[in-house]
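If you want the working numbering, it's the position in the sequence shown, counting the first as 1, plus 342.
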Amino acid sequence: MSVPGLSINFATVRQGGSFGAIVDACLRHGITAISPWREHVEVAGLAEAARIISENGLRVSGHCRGGFFPALDEAGRRAAFESNRRAVDEAAALGAACLVIVVGGLPAGSRDLPGARAMVADGMAELLPYARAAGVPLAIEPLHPCYAADRACINMLGQALDLADTLGEGVGVAIDVYHVWWDPDLAAQIARAGRNGQILAHHICDWLVPTKDILNDRGMMGDGVIDLKAFRQMIEAAGFHGPQEVEIFSHDWGARPIDEVLATCVERFEALC
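Below is the structure:
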C-alpha cells in the first residue's frame with residue numbers, strides 16, 4: 343500500500359544507514375517519494391543513487407542542499423559557487439523537483455548582515471543560468487530568524503519571494519513549517535507565492551513547547567503547536583499539490599529505529615496533515 347502525498351527527507355532517518363537502506367525502509371512503509379541529502383548521494387555514488395531512484399520508480403521532491411554563498415573572500419565565494427554547480431548536477435541526475443537552497447549566514451567574524459544578503463543575491467544570480475540550463479529549479483528556503491547568523495540570512499517568506507522575484511524564472515521557495523509558522527504575514531505570502539507558481543517544496547514537522555535544542559529538537563507532526571491542517575489548506579489553496587516532505591532534525595527521533603520513525607510519520611501524516 344502506497345502513501346500518496348508523503349515524502350521523507352533523509353534528515354529524518356539518517357540513522358537508517360546507506361542511501362539504499364533508507365530507500366528500502368521507505369518502500370516497506372509505502373513511501374515512494376524522497377528528498378536525499380548530498381552526503382548520502384556522495385557515499386552511494388551519484389550513478390548508483392540515480393539507479394536506485396529509477397529502478398524503484400521514486401519521486402524526488404527535492405535535493406538537499408545548495409547555498410551557503412557568503413564568504414570572507416573571493417576564494418571562498420568561488421568554492422561555494424563550484425559546490426553549488428555540483429549540487430545542481432546531482433539534482434539533475436536524480437530527477438529532483440528542485441534544489442533546496444539554504445543561503446548561508448554571516449561569514450566568520452562579520453557583523454554585516456546586509457552585506458551577507460547581497461552576497462546571497464549575487465551568488466544565486468551567478469548560479470541561475472547554470473541551473474536553468476540543467477532544468478533544475480532553485481528553491482530558496484527561508485529559515486527561522488535564530489539562524490540568521492550562521493545558516494540563513496533570509497528568514498521570512500516575503501524576503502525569499504522578493505529575491506525570487508528579482509532573479510526571475512527558475513527560482514521559487516521551499517516552505518518549511520518549522521521556520522515560518524509564526525510569521526504574521528504568512529497567509530498573504532503563501533498566496534503571493536502561489537499566484538506566481540513559486541512554491542517548489544513544502545516541508546513538515548512540528549514546533550515543540552518547550553524546544554530544548556533549536557536545531558535538533560523538531561517535533562513529530564502532532565506533538566507541537568503548528569496547525570498543520572490549516573497550513574496545508576493554505577498551501578493547496580495557493581496551487582501546490584506536491585508531496586509534503588517530512589524533515590525532522592531530532593536527537594529523540596534520530597535515536598529510534600528507522601521503521602518506528604517511518605511508521606509514525608505515516609500514521610501522523612494520514613491523521614493530522
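Heads up, the beta-carbon is just placed ideally off N, CA and C, and yes, glycines get one too.
Cβ-based neighbour list, residue i, same chain, cut-off 6 Å, excluding 5 preceding and 5 following
{"i": "residue 513", "result": "480 and 506"}
{"i": "residue 408", "result": "426, 429, 441 and 443"}
{"i": "residue 578", "result": "none"}
{"i": "residue 553", "result": "559"}
{"i": "residue 491", "result": "447 and 448"}
{"i": "residue 568", "result": "519, 523, 548 and 549"}
{"i": "residue 365", "result": "394"}
{"i": "residue 382", "result": "352 and 361"}
Sequence-distant residues of the same chain with beta carbon closer than 8 Å to residue i, five excluded per side
{"i": "residue 343", "result": "372"}
{"i": "residue 473", "result": "430, 441, 479, 480 and 512"}
{"i": "residue 605", "result": "371"}
{"i": "residue 555", "result": "593"}
{"i": "residue 468", "result": "423"}
{"i": "residue 418", "result": "449"}
Under 8 Å between C-beta atoms of residue i and residue j
{"i": "residue 386", "j": "residue 362", "result": "yes"}
{"i": "residue 601", "j": "residue 370", "result": "yes"}
{"i": "residue 322", "j": "residue 375", "result": "There is no way to answer for residue 322, as the model of the chain reaches only from 343 to 615."}
{"i": "residue 607", "j": "residue 574", "result": "no"}
{"i": "residue 517", "j": "residue 562", "result": "no"}
{"i": "residue 509", "j": "residue 470", "result": "yes"}
{"i": "residue 530", "j": "residue 580", "result": "no"}
{"i": "residue 367", "j": "residue 405", "result": "no"}
{"i": "residue 570", "j": "residue 603", "result": "no"}
{"i": "residue 466", "j": "residue 410", "result": "no"}
Own chain, CB closer than 7 Å to residue i, minus 5 neighbours either side, in chain order
{"i": "residue 485", "result": "444, 493, 494, 497 and 521"}
{"i": "residue 540", "result": "503, 506, 514 and 515"}
{"i": "residue 582", "result": "536, 541 and 544"}
{"i": "residue 566", "result": "548, 549, 550 and 551"}
{"i": "residue 616", "result": "A question about residue 616 goes unanswered here, because the residues of the chain that appear run from 343 up to 615."}
{"i": "residue 576", "result": "529 and 532"}
{"i": "residue 435", "result": "388 and 392"}
Cβ neighbour criterion (16 or more within 10 Å) applied to residue i
{"i": "residue 432", "result": "buried"}
{"i": "residue 377", "result": "buried"}
{"i": "residue 353", "result": "buried"}
{"i": "residue 599", "result": "exposed"}
{"i": "residue 587", "result": "buried"}
{"i": "residue 456", "result": "exposed"}
{"i": "residue 483", "result": "buried"}
{"i": "residue 653", "result": "An answer regarding residue 653 cannot be provided, because it is not within the stretch 343 to 615 covered by the chain."}
{"i": "residue 585", "result": "buried"}
{"i": "residue 346", "result": "exposed"}
{"i": "residue 391", "result": "buried"}
Residue i beta carbon near the ligand ADP (any heavy atom closer than 7 Å)
{"i": "residue 457", "result": "Ligands are entirely absent from the displayed structure, and the ligand ADP is therefore not among its contents."}
The segment 585 to 597 touching the segment 521 to 529, judged by at least three CB pairs closer than 8 Å
no
**Message:** When you compare the segment 472 to 480 with the segment 494 to 503, are there three or more beta-carbon pairs, one atom per stretch, that lie closer than 8 Å?
**Reply:** no
- Three-pair Cβ contact test at 8 Å for the segment 422 to 433 versus the segment 455 to 469: With a cut-off of 8 Å, the segment 455 to 469 and the segment 422 to 433 count as touching, because enough Cβ pairs lie within range.
(Q) Can you confirm whether the segment 393 to 404 touches the segment 446 to 453 when touching is taken to mean that 3 or more C-beta pairs between the two stretches lie within less than 8 Å? (A) No, they do not touch.
Within the segment 440 to 509, ranges of the beta strand (DSSP E) (whole runs, at least 3 residues)
441 to 444 and 480 to 482
Give the list of continuous alpha helix (DSSP H) stretches no shorter than 4 residues that lie fully inside the segment 501 to 563. 519 to 522 and 528 to 537
Write down every uninterrupted run of the beta strand (DSSP E) in the segment 345 to 387 whose length is 3 residues or greater and which is fully enclosed by it, in chain order. Fully enclosed beta strand (DSSP E) runs of 3 or longer: 348 to 351 and 375 to 377.
Threshold first: 4 residues or longer. Then list the alpha helix (DSSP H) segments lying entirely within the segment 385 to 425, N to C.
388 to 397
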